[in-house]
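Heads up: the structure comes next, in structure tokens.
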Amino acid sequence: MRCGGQLIVTIDAVDPCLCVYPLPEWELIEAKLRDLPSLREETRRLQRLLIGNAVDIELDGSGRFLVPPRLRAHAGLDKHAMLVGQLNKFQLWNEDAWNALADADLAAIKQPGALPDDLRDLIL
Numbered sequence: 001m002r003c004g005g006q007l008i009v010t011i012d013a014v015d016p017c018l019c020v021y022p023l024p025e026w027e028l029i030e031a032k033l034r035d036l037p038s039l040r041e042e043t044r045r046l047q048r049l050l051i052g053n054a055v056d057i058e059l060d061g062s063g064r065f066l067v068p069p070r071l072r073a074h075a076g077l078d079k080h081a082m083l084v085g086q087l088n089k090f091q092l093w094n095e096d097a098w099n100a101l102a103d104a105d106l107a108a109i110k111q112p113g114a115l116p117d118d119l120r121d122l123i124l
């Protein structure tokens, strides 16, 4: 998806990483969040976390972008980071945290019965 260099970066509410969305994709996420029942505390909490921490980012001429300190702290970003494609978005991870998670995920998926039946039929 083309984004014209416009991205939205926000925290991941589950993992210690950041989510990086192309602007058109983020607009779809915002619409879904807006349509959730607003009287539920869980909804308001998720909206505060995702929308409240969302920052507009523009790529520079070299394709780089700056991550604000608060977001860097959430993901534990220091010198080395991993940008990981996730279908409609990217995740931005601390390199050591990503490597540990990737190793754990690979070990877990090799265990008997690790995949539910509906995923066993997935053709890649």
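Letter 45 of the sequence shown, counting from 1, is numbered 45 in this note's numbering, and no numbers are missing.
Backbone N, C-alpha and C define an ideal beta-carbon position, used for all residues, glycine too.
Note to self: Can you determine whether any heavy atom of the ligand ZN sits closer than 7 Å to the C-beta of Pro68, and answer yes or no?
What the structure shows: The ligand ZN is not part of this structure, which contains no ligands at all.
Check: Are the C-beta atoms of Gln86 and some chain C residue less than 8 Å apart?
Finding: Checking the listed chains, one finds no chain C in this structure; it contains a single protein chain.
Notebook entry, point to check: Residues in its own chain within less than 6 Å of His74 by CB, not counting five upstream and five downstream?
Noted result: When the five nearest sequence neighbours on each side are left out, the beta carbons in the same chain lying within less than 6 Å of the beta carbon of His74 are those of Ile11, in order along the chain.
Check: How many angstroms separate the CA atom of Ile8 from the CA atom of Leu23?
Finding: Approximately 6 Å, taken between the alpha carbons.
Notebook entry, point to check: Taking Cβ to Cβ, would you say Gln6 is nearer than 8 Å to Glu58?
Noted result: In contact: Gln6 and Glu58 (Cβ atoms closer than 8 Å).
Margin query: So, at 7 Å on beta carbons, what are the nonlocal neighbours of Ala97 in its own chain, with the 5 sequence-adjacent residues on each side left out?
Written below: Cβ neighbours of Ala97 beyond the five flanking positions: Pro16, Gly76.
Notebook entry, point to check: CB Leu18 to CB Leu92, shorter than 8 Å?
Noted result: Result yes, Cβ atoms of Leu18 and Leu92 sit closer than 8 Å.
Check: Going by alpha carbons, who is nearest to Gly85 out of Val14, Gly4, Tyr21?
Finding: Comparing Cα positions, the closest option is Tyr21.
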